[in-house]
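A short worksheet on the structure shown next.
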């Protein structure tokens, strides 16, 4: 089995992380109609419900291909590798071009070597300065600098040069489509396969730009791809394990898990996956994006949490965010009702033409006691929040005040900012009948943590436990 540069320690750490995650998802969940449903039943990733996860990836790839075919875009397959100093090992062909062995790369920037400094032998060390009678300046970080995670970031920086090149920026935004996969070499160094769709009249210019920015052996371009989706999915499926028969997790999956590297990225051609996943297959990805731009589907998002509150179409509600507890449920009804009422009757207008890559947002004005709700499409934001005023401390008659929004206020000190004695007096003077119980529990927990109250730390919503443990 290939180890992809993983040591036994790294492999054990990745397995420990994997098993803890699986154990947590199976032991924790939600209760529906009196029945416990673990998180593992509806969470999908590369090792949990992998069949659903792979099906979604195939759906995204096919929708990208359909969109490219609809707009008469041609496909280019591009492979990008890193320079030789990022590779711990290299191939040696002693007999033929097909028969090779892996040997250590002497040019690897993070290779293990011993440096002798003032009769001391140091490993993985670069001497930056060594002057007699002065303590030498040493650098012990080269091997961390050339880790697979940093190598993946370097690949993204290299691709950013192409995204900023005129050959790519000259393509209209709604015609820029790509799907890229990150895959490791045998030594653990990542490389990228990209399926790029470009207009016919821009194809030659894009090829010249790729050859200019990434000359061989860094870059490789293939133009005669008969079945782009099949060719791309070959690389995607190589990065997944077949866990249908309880097979062992491979080192390839552990490589992605340990280094925290994403398998693939796509262009922002369609709506956000958060919106698509909430609808559970009511629309396919391409159809949902087109319906959204035709204003047949509307999405409401809370600006404070950025959570989707409501998705609706011309026939009714498609998705509503379910509250967690009764307090949230009542607050949720008030907020959502105010949003829909103001949106329908305050005469808001939506622009008729919106670019596919843009994101438009509207602020619905509610009363001062309700938070604002933002209608959001899920694309890249072009809305900029106004800069908030910064409170300025001032002194009036030898007393400290705060000048904020054109007025002077007495500064309020929060419980966690108070000293021990001040916090204790503040807690004793709290009126439990009028104060918010969560604020009371929060202040009480601060005293418990500081050791001034002999009690247990309670959850903020544990009102019943509070009345059982306190005497009023």
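In this note's numbering, the protein residues as written are 5 to 476.
Even glycine gets a Cβ: it sits at the ideal position worked out from N, Cα and C.
#1: Short of 8 angstroms in beta carbon distance, which residues of its chain neighbour residue 253, apart from the five on each side in sequence? Order them along the chain.
#2: Taking DSSP's pairing of strands, which residues face residue 312 in a bridge?
#3: Pick helix, strand or coil for residue 290, following the three-state DSSP scheme.
#4: What does residue 199 pair with, by DSSP beta-bridge criteria?
#5: So, do the segment 176 to 187 and the segment 142 to 155 have three or more beta carbon pairs nearer to each other than 8 angstroms?
#6: Let me make sure I understand the geometry here. Which of 282, 448 and 139 has the alpha-carbon closest to that of residue 435?
#7: By alpha-carbon positions, which one of 65, 416, 107 and 91 ends up nearest to residue 222?
#8: Closer than 6 angstroms by C-beta to residue 30: which residues in its own chain qualify, once you throw out the five before and the five after it? Chain order, please.
#9: Any beta carbon of chain D sitting closer than 8 angstroms to that of residue 71?
#10: Can the beta-carbon of residue 197 be found closer than 8 angstroms to that of residue 11?
#11: Following the continuous alpha helix (DSSP H) through residue 232, name the residue where it begins and the one where it ends.
#12: For residue 264, which residues of its own chain have a beta-carbon under 8 angstroms away from its beta-carbon, when the five flanking residues on both sides are left out?
#13: For residue 437, name the three-state secondary structure that DSSP assigns.
#14: Express the C-alpha separation of residue 214 and residue 230 in angstroms, rounding to a whole number.
#15: Just to confirm my understanding: we take residue 431, look at its own chain, exclude 5 residues before and 5 after, and list those with CB closer than 7 angstroms. What are they?
#16: Per DSSP, what kind of secondary structure is residue 106 in: helix, strand or coil?
#17: How many Å lie between residue 111 and residue 94 at the Cα?
#18: Report the option in 282, 288 and 287 whose CA atom is closest to the CA atom of residue 324.
#19: Thinking just about the alpha-carbon of each residue, which of 428, 167 and 258 is nearest to the one in residue 192?
#20: Where do the ends of the alpha helix (DSSP H) carrying residue 26 lie?
#21: Taking Cβ to Cβ, would you say residue 412 is nearer than 8 angstroms to residue 405?
#22: For my contact list, residue 121 and residue 109 are in at a C-beta cut-off of 8 angstroms; report their separation, rounded to the angstrom.
#23: So if DSSP puts residue 143 in a beta bridge, which residue, or which two residues, is it bridged to?
#24: Which residue wins for smallest C-alpha separation from residue 149, given the options 137, 61, 129 and 165?
#25: DSSP puts residue 320 in a beta bridge; with which residues?
#26: So, for residue 17: in the same chain, excluding its five sequence neighbours on each side, which residues have a beta-carbon less than 7 angstroms away from its beta-carbon?
#27: Can the beta-carbon of residue 126 be found closer than 8 angstroms to that of residue 138?
#28: Would you mind sorting residue 104 into buried or exposed? The rule is 16 or more other CB atoms within 10 Å of its CB.
#29: Once the 5 residues before and after residue 204 are set aside, which same chain residues still bring their CB inside 6 angstroms of it?
#30: Name the residue from 272, 172, 178 and 62 whose alpha carbon lies nearest to the alpha carbon of residue 209.
#31: Touch check for the segment 286 to 306 and the segment 268 to 278: three-plus C-beta pairs under 8 angstroms?
#32: Just mark residue 195 as buried or exposed, buried being the case when its beta carbon has 16 or more other beta carbons within 10 Å.
#33: If we ignore side chains and look at the alpha-carbon of each, how far apart do residue 233 and residue 164 end up?
#34: Any idea if residue 170 is buried or exposed, counting beta-carbon neighbours within 10 angstroms, 16 or more meaning buried?
#35: Can you give the Cα-Cα distance for residue 460 and residue 423, rounded to whole angstroms?
#36: If I measure Cβ to Cβ from residue 56 and keep anything under 6 angstroms in the same chain, skipping five residues before and after, which residues do I get?
For this structure:
#1: Taking the first residue of the chain shown as 1, we reach residue 253 at position 249. Here the set comprises 19, 22, 51, 245 and 247.
#2: Against the chain shown, residue 312 aligns to sequence position 308. Residue 312 pairs with 305.
#3: One-based indexing of the chain shown puts residue 290 at position 286. Reduced to three states, the DSSP call for residue 290 is helix.
#4: Here residue 199 refers to the residue found at position 195 of the chain shown. Residue 199 is bridged to 81 and 183.
#5: Put simply, the segment 176 to 187 does not touch the segment 142 to 155. Fewer than three CB pairs are less than 8 angstroms apart.
#6: Taking the first residue of the chain shown as 1, we reach residue 435 at position 431. Comparing Cα-Cα distances from residue 435 to each of 282, 448 and 139, the minimum goes to 448.
#7: If you number the chain shown from 1, residue 222 lands on position 218. Residue 222 has its Cα closest to that of 91, out of 65, 416, 107 and 91.
#8: Numbered from 1 along the chain shown, position 26 holds the residue referred to as residue 30. Cβ within range, chain order: 42 and 44.
#9: In the displayed structure, chain D is absent; only one protein chain is listed.
#10: The count along the chain shown starts at 1 and reaches residue 197 at position 193. The count along the chain shown starts at 1 and reaches residue 11 at position 7. Contact flag unset, no.
#11: Start at 1 with the first residue of the chain shown, and residue 232 comes out as number 228. Its alpha helix (DSSP H) spans residues 232 to 242.
#12: The residue labelled residue 264 in the question sits at position 260 within the chain shown. Counting only Cβ-Cβ distances below 8 angstroms, and skipping sequence neighbours, we find 153.
#13: For the purposes of this step, residue 437 is taken as the residue at position 433 of the chain shown. Three-state result, residue 437: coil.
#14: In the chain shown, the residue the question calls residue 230 occupies position 226. In the chain shown, the residue the question calls residue 214 occupies position 210. C-alpha separation (whole angstroms): 21 angstroms.
#15: Indexing the chain shown from 1 puts residue 431 at position 427. Cβ within range, chain order: 447, 448 and 451.
#16: Position 102 of the chain shown, counting from 1, holds the residue named residue 106. Three-state result, residue 106: strand.
#17: Sequence index remark: in the chain shown, residue 111 carries index 107 (1-based). Sequence index remark: in the chain shown, residue 94 carries index 90 (1-based). Taking the straight line joining both Cα atoms gives about 10 angstroms.
#18: As a position in the chain shown, residue 324 is number 320, starting the count at 1. Comparing Cα-Cα distances from residue 324 to each of 282, 288 and 287, the minimum goes to 282.
#19: Position 188 of the chain shown, counting from 1, holds the residue named residue 192. With distances taken between Cα atoms, residue 192 lies closest to 258.
#20: Against the chain shown, residue 26 aligns to sequence position 22. Per DSSP, residue 26 belongs to the alpha helix (DSSP H) from 12 to 31.
#21: Along the chain shown, read from residue 1 onward, the residue named residue 412 stands at position 408. Along the chain shown, read from residue 1 onward, the residue named residue 405 stands at position 401. Against a cut-off of 8 angstroms, the Cβ pair of residue 405 and residue 412 comes out as a contact.
#22: Counting from one through the chain shown, the residue named residue 121 turns up at place 117. Counting from one through the chain shown, the residue named residue 109 turns up at place 105. Rounded, the Cβ-Cβ distance is 24 angstroms, inconsistent with contact.
#23: In the chain shown, counting from the first residue as 1, residue 143 sits at position 139. In DSSP, residue 143 forms a bridge with 130.
#24: Here the question's residue 149 lines up with position 145 in the chain shown. Checked all of 137, 61, 129 and 165; the closest Cα to residue 149 is 129.
#25: In the chain shown, the residue the question calls residue 320 occupies position 316. Note: residue 320 sits in a beta bridge opposite 317.
#26: Walking along the chain shown from the start, residue 17 turns up at place 13. Same-chain partners within the cutoff: 262.
#27: Counting from 1 along the chain shown, the entry for residue 126 is found at position 122. Counting from 1 along the chain shown, the entry for residue 138 is found at position 134. Contact: no.
#28: Numbered from its first residue, the chain shown carries residue 104 at position 100. Exposed, by the Cβ-count rule.
#29: The residue given as residue 204 occupies position 200 in the chain shown. Within the same chain, 78 come within 6 angstroms of residue 204 by CB-CB distance, once the 5 residues on both sides are set aside.
#30: Translated into the one-based positions of the chain shown, residue 209 becomes position 205. For residue 209, the nearest C-alpha among the options comes from 172.
#31: By the criterion of at least three beta-carbon pairs nearer than 8 angstroms, the segment 286 to 306 is in contact with the segment 268 to 278.
#32: Counting from one through the chain shown, the residue named residue 195 turns up at place 191. Buried.
#33: As a position in the chain shown, residue 233 is number 229, starting the count at 1. As a position in the chain shown, residue 164 is number 160, starting the count at 1. Distance between the alpha carbons of residue 233 and residue 164 is about 24 angstroms.
#34: To locate residue 170, count along the chain shown from 1; it is residue 166. Label assigned to residue 170: exposed.
#35: For the purposes of this step, residue 460 is identified with residue 456 of the chain shown, where counting begins at 1. For the purposes of this step, residue 423 is identified with residue 419 of the chain shown, where counting begins at 1. Their backbone Cα atoms lie some 21 angstroms apart in a straight line.
#36: What you label residue 56 is simply residue 52 of the chain shown in a count that begins at 1. Result list for residue 56: 48, in chain order.
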